[in-house]
Amino acid sequence: MANGINQDIAVVGSPSTNTELTIDLLQEAIEERLVGALTAFTAIQNGSPITAVGQVIGIELKNRWHEDSVFRNLVKRTGEIPPITNRQDTRVASLVVGATFKRGDKGYEPDVLGMVPSTGTRIARVDQALLDQLLSVYQKEIFYLGRAYANDVLYPMWFKHFGSGPGGAGEAYHLAIFGKTGSGKSVLAKNILLAYAQHKPPRQMGLLVIDPQGEFSRDFGSGLGTGSYKLDYKRICTKIDREVVVRRVPDIRLDRWNLFADLISRTQLFPRLTIRTSDWIRNAADVLSERLKEEKVKLTNLHKKESYETALKLLKEDRSLKQIYSGKEGRERLKEMLDDAKVTTPLFEEAWLPVTKLFRETDDSGQRRPVTEEVIDLVLRKDDRCIVIMDLSGAGLSVPDKQTFWSEEVQALLLSRITEALIRKAEELYGKESLNALVILDEAHRLAGTEYFDDDSDRASLRKQLIDGVRTTRKYGLGWMFISQSLASIHKSIVDQCRILSFGFGLAIGDEFRRLKEFAGGDERSMELYRSFRDPASFPREELREFPFMAVGPVSPLAFSGRPLFFTAFTKPDEFLKANKIAT
1 MANGINQDIA VVGSPSTNTE LTIDLLQEAI EERLVGALTA FTAIQNGSPI TAVGQVIGIE
61 LKNRWHEDSV FRNLVKRTGE IPPITNRQDT RVASLVVGAT FKRGDKGYEP DVLGMVPSTG
121 TRIARVDQAL LDQLLSVYQK EIFYLGRAYA NDVLYPMWFK HFGSGPGGAG EAYHLAIFGK
181 TGSGKSVLAK NILLAYAQHK PPRQMGLLVI DPQGEFSRDF GSGLGTGSYK LDYKRICTKI
241 DREVVVRRVP DIRLDRWNLF ADLISRTQLF PRLTIRTSDW IRNAADVLSE RLKEEKVKLT
301 NLHKKESYET ALKLLKEDRS LKQIYSGKEG RERLKEMLDD AKVTTPLFEE AWLPVTKLFR
361 ETDDSGQRRP VTEEVIDLVL RKDDRCIVIM DLSGAGLSVP DKQTFWSEEV QALLLSRITE
421 ALIRKAEELY GKESLNALVI LDEAHRLAGT EYFDDDSDRA SLRKQLIDGV RTTRKYGLGW
481 MFISQSLASI HKSIVDQCRI LSFGFGLAIG DEFRRLKEFA GGDERSMELY RSFRDPASFP
541 REELREFPFM AVGPVSPLAF SGRPLFFTAF TKPDEFLKAN KIAT
């Protein structure tokens with residue numbers, strides 16, 4: 001076939017529509033792996049030559065003689081009927097048209113297939129040369145995450161910045177990546193981050209990663225690749241002139257009294273003072289916070305011994321005791337504990353200091369620590385934006401400090417503070433300029449999940465904040481990307497707002513599969529292709545391993561039809577770097 005298409009595999013059959021063609025496989029192609037294959041055909045539309053590209057999503061074998069009951073009985077006895085078995089087989093496939101291109105004066109331009117090609121029109125595999133030719137106009141915007149499913153050709157994708165102008169989408173949008181552990185979703189997310197990082201000033205994107213497990217921090221901060229995909233992301237970011245800033249919990253100065261009250265209430269300070277009921281503990285923490293503010297004690301000085309002594313003195317005052325306990329017996333018991341130096345002295349090191357040093361002006365080496373807004377400014381400043389990774393894994397905290405107050409609730413508390421700062425900054429800039437920034441939330445199910453939370457819990461508050469955020473921040477030019485193990489684990493209100501979704505292996509059962517089918521528009525054949533995904537862990541050798549994905553949304557110039565597309569992610573860093581012309 002002309003136009004550099006590699007190999008004829010089929011012809012158009014009947015019945016066919018302008019969006020889905022029935023194709024009859026040629027004899028020489030019946031033993032090839034064609035499910036998922038990227039194919040193309042040429043035709044004439046409105047007097048102009050067009051090339052349509054699509055993906056084979058299913059193959060069916062038919063032999064009408066073998067369907068006859070008489071012949072079935074013969075086959076049952078002999079195993080075959082020589083003139084009929086095999087020779088009378090026909091293989092019919094379904095081809096979903098993904099994109100159509102019209103040849104114009106400036107090369108190929110996108111078009112819509114508004115006709116149905118004649119029966120007998122040749123269908124051929126797409127080779128890289130044809131694909132590059134069709135997409136030559138967009139070549140600067142193309143980014144590769146892998147190859148077309150069951151193909152050797154690179155699958156073209158684009159990840160547009162949220163501003164206007166070349167390479168821009170003109171608005172922010174949200175993304176999501178789902179897949180079981182080991183499906184390749186984390187590597188895919190990191191490579192997508194690099195795709196967005198490549199946009200140059202003045203369209204440079206701000207990138208903020210919320211990293212509850214510390215995986216992004218290790219890969220981008222130290223250059224030590226995790227897992228089998230050993231790519232030095234830190235070095236790559238340096239090569240493309242993007243600075244990576246990793247901020248751990250001890251690297252950021254907390255600056256809110258409500259955070260102090262929250263954190264101190266999670267320590268053993270109040271239980272050791274005989275306040276043991278959770279409601280009373282929180283009440284005591286709020287009372288202490290209010291009294292310290294009244295006394296003009298600065299948050300940055302809370303770590304000092306004199307601040308601790310002031311706190312004990314304030315708690316001993318009748319006013320504080322009455323605010324904490326209404327009963328005389330409780331007040332007397334608390335005052336007795338506060339007067340006992342054997343009780344209060346060790347609590348400074350064991351409970352007070354681990355929390356209050358997070359509010360210090362400087363770190364242990366004397367370096368000034370930024371507040372959350374200053375970290376956000378690194379992402380949103382006008383020039384030379386950074387890739388900021390907020391490591392909320394607890395790295396940098398000592399083991400005793402972690403045991404004192406660290407938990408997923410505290411992670412939620414800190415993320416809530418980050419989200420608050422982001423939205424406030426977005427509101428400040430609204431109407432002046434687009435933020436053109438993306439927030440990537442790893443392990444999103446832990447912080448924006450569907451499980452029940454008490455209405456007044458920190459995690460419930462954070463989830464509500466994130467739901468409101470994805471609904472409102474698009475207009476500010478701020479997008480979100482959620483990474484999670486399952487569709488059911490992320491609140492539906494968040495998933496429904498996502499425009500580009502990628503689904504790895506492991507979602508083909510139960511409610512997960514039903515929800516997945518909704519995102520695929522109810523397309524049964526696409527679902528059958530998804531079900532053919534093999535568990536990456538089931539391959540006998542690492543070099544044979546594949547990481548297939550189904551993607552939905554405007555993520556590729558070949559996805560004009562809105563149907564799901566299928567690709568296999570790169571398994572070797574060198575392939576990824578070479579395909580995207582990233583120097584090392």
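Counting along the sequence shown from 1, when you hit position 393 you're at 393 in my numbering, and nothing is skipped either side.
All C-beta atoms in this analysis are idealised placements derived from N, C-alpha and C, irrespective of residue type, glycine included.
Computed from a predicted model, the values in this text were never measured in an experiment.
In this structure the region 97-112 lies against the region 549-558, because at least three pairs of beta carbons, one per stretch, are closer than 8 Å. In this structure, the beta-carbon distance from residue 512 to residue 488 falls below 8 Å.
Within the region 313-386, the alpha helix (DSSP H) runs of at least 4 residues that lie entirely inside it are, in chain order, 318-324, 328-339, 341-347, 353-356 and 372-380. If you look at residue 75, you'll find it in the alpha helix (DSSP H) that goes 69-78. With respect to the C-alpha of residue 366, the residue from 253, 208, 311 and 570 having the closest C-alpha is 253. By the Cβ test, the region 145-155 is in contact with the region 115-128, since at least three Cβ pairs between them sit closer than 8 Å.
Under the three-state reduction of DSSP output, residue 89 falls in the coil class, being neither helix nor strand.
A buried status is given to residue 13, since no fewer than 16 other beta-carbon atoms sit within 10 Å of its beta-carbon. Residue state for residue 192 is assigned as helix, using DSSP reduced to three classes. For residue 403, there is no enclosing beta strand (DSSP E); the enclosing alpha helix (DSSP H) covers residues 399-405. Beta-bridge annotation (DSSP): residue 519 is not paired with any residue.
Annotated three-state conformation of residue 158 is coil, per DSSP.
Segment contact: the region 241-250 against the region 315-333, fewer than three CB-CB distances shorter than 8 Å; contact not assigned. Bounds of any beta strand (DSSP E) do not take in residue 485, whose DSSP letter is neither H nor E. The three-state reading of DSSP puts residue 304 in coil, since its state is none of H, G, I, E or B. Collapsing the DSSP output to three states places residue 139 in a helix.
Residues of the same chain with a CB within less than 6 Å of the CB of residue 121, apart from the 5 flanking positions on each side, are 12 and 41 in chain order. One thing to note: residue 208 has its Cβ no nearer than 8 Å to the Cβ of residue 410. Contact between residue 483 and residue 185 holds: CB atoms are separated by about 6 Å, below the 8 Å threshold. Counted as a single uninterrupted DSSP element, the alpha helix (DSSP H) harbouring residue 446 occupies residues 444-447.
About 18 Å separates the Cβ atoms of residue 576 and residue 179, ruling out a contact at the 8 Å cut-off. Contact check for residue 567 against residue 145 passes: the beta carbons are separated by less than 8 Å. The beta carbon of residue 429 lies closer than 8 Å to those of 380, 435 and 476 in the same chain, with the five residues before and after it left out. Excluding the 5 residues flanking it on each side, residue 282 has same chain C-beta neighbours closer than 8 Å at 261 and 265, in chain order. If you look at residue 494, you'll find it in the alpha helix (DSSP H) that goes 492-495. By the Cβ test, the region 43-50 is in contact with the region 110-120, since at least three Cβ pairs between them sit closer than 8 Å.
When secondary structure is reduced to three states using DSSP, residue 204 falls in the coil class, being assigned neither helix nor strand. In chain order, 201 place their CB closer than 7 Å to the CB of residue 383, counting only its own chain and leaving out the 5 sequence neighbours on each side. Note on geometry: alpha-carbon atoms of residue 407 and residue 289 lie some 21 Å from one another. For residue 423, the secondary structure class from DSSP, reduced to helix, strand or coil, is helix. With a threshold of 16 other beta carbon atoms within 10 Å, residue 190 meets it and is buried. Residue 423 and residue 469 have their C-alpha atoms spaced approximately 8 Å apart.
Residue 51 and residue 9 do not touch by the CB rule: their CB atoms are close to 16 Å apart, not below 8 Å.
The Cβ neighbour count for residue 219, taken over all protein chains shown within 10 Å, is at least 16; the residue is labelled buried. The beta carbon of residue 376 is closer than 7 Å to those of 421, 422 and 425 in its chain, skipping five residues each way along the sequence. Judged by beta-carbon spacing, residue 490 lies beyond the 8 Å limit of residue 467, meaning their Cβ atoms are not closer than that value.
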